[in-house]
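Before any comments, here is the structure.
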Amino acid sequence: MSLTGGDVTLERDGHVAYVTLSHGRYTVVTMEMRRLVAERFAEIDRDPEVRVVVVRSDGEHFTSGGDIAGFMEVDPIDLTDLGHDVTAAARSPKPVIAAIDGYCFGVGLEMVLSCDVRLGTGRTQLALPEMNLGMIPGSGGTQRLARLVGLSRAKFHILSATRIQAQQALDWGILSGELHADRDALNSAADALAQKMASLSPAALRTAKEVLDRGVDGPLYTGIELERKAYSMLRATQDFAEGVKAFGEKRTPVFTGR
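Read in order, the letters of the sequence shown correspond to residues 1 to 258 in UniProt numbering.
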């Protein structure tokens, strides 16, 4: 293994951007790929035509994790910012959907935990196995998993490096919707969800994401105040006026993001 290799491609279909991890059957994530994830999201965030993002992999598995040997080539001080690149989805103002088939381990799970919606198949398996290496998750895994499934469950799976099976992940809310039969069905579901979101108001989408993300970690009263102010702000948008008008005219609204 090395620090380099693999690729992260970016394609766009209408208002939907597709970020695809590519590095062999197991999609091993190298340091270079981590950097590329951040670069692709920077492109997405600058593009006003992109309203929704889908993250996927072209390997047999979403990813078996990071380039383990490569870590020994990185100076410890440089690892303090390790998780910034691969968690770019969390900082993007646009909704991000992760389509997860097969293994999603280590940095891969940390990457998808930073996404907004996660879809999977019956063979999806999730894990933070860093404890097997005498290490802990370093790209947000401890904090995001605990917030999503609760402290006790997160401790069990992180401290024992035990995998989370697909049905468990669905029952606990890590995965959403239903478990899809195979990769094709998963991709179709991700595409359909992305297209549905892309037809909605970009202003409302990014505002809802921010209110949810900012509000959930604060006191309830603070979150409600944030929601009220955001609601009032959206009242002034052209999209809201279009939505109300279309509702009255019994037609599909055409949102522009203004």
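Each residue gets a CB set at the ideal place from its N, CA and C atoms; glycine is no exception.
A quick note: this is a predicted structure, and the numbers were derived from the prediction, not measured.
Within a Cβ cutoff of 7 Å, which residues of the same chain sit near residue i, ignoring the five residues on either side of it in sequence?
i	result
Pro253	Glu242, Gly243, Ala246
Gly5	His23, Thr30, Glu32
Just to confirm my understanding: we take residue i, look at its own chain, exclude 5 residues before and 5 after, and list those with CB closer than 6 Å. What are they?
i	result
Val117	Ile97, Ser176
Met197	Val52, Pro95
Asp239	Ser201, Ala203, Phe255
Give every residue of the same chain whose Cβ lies closer than 8 Å to the Cβ of residue i, excluding the five residues on either side of it in the sequence, and list them in chain order.
i	result
Asp217	Arg147
Could you check what DSSP says for residue i in three-state terms: helix, strand or coil?
i	result
Leu126	strand
His180	strand
Glu11	strand
Leu200	coil
Val29	strand
Met1	The pLDDT assigned to Met1 is 40, lower than 50, so where the model puts this residue is not dependable, and the model offers no usable value.
Ser22	strand
Arg206	helix
Ala38	helix
Ser64	coil
With 9 Å set as the bound, which would you pick, yes or no: does the beta-carbon of residue i sit closer than that to a beta-carbon of chain D?
i	result
Asn187	This model lacks chain D altogether, as it is built from one protein chain only.
Which stretch, first to last residue, makes up the alpha helix (DSSP H) that contains residue i?
i	result
Ala90	88 to 91
Val112	107 to 113
Ala161	Counting along the chain, Ala161 falls outside any alpha helix (DSSP H), and DSSP gives it neither H nor E.
Leu119	Note, Leu119: premise wrong, no alpha helix (DSSP H); beta strand (DSSP E) at 117 to 121.
Between which two residues does the beta strand (DSSP E) carrying residue i extend?
i	result
Tyr231	No beta strand (DSSP E) contains Tyr231, which is instead part of the alpha helix (DSSP H) from 220 to 234.
Glu49	Where Glu49 is concerned, there is no enclosing beta strand (DSSP E), given that its DSSP letter is neither H nor E.
Less than 8 Å between the CB atoms is what I'm expecting for residue i and residue j, so what's the real figure, rounded?
i	j	result
Ser64	Val28	6 Å
Ala89	Phe41	7 Å
Val52	Pro95	5 Å
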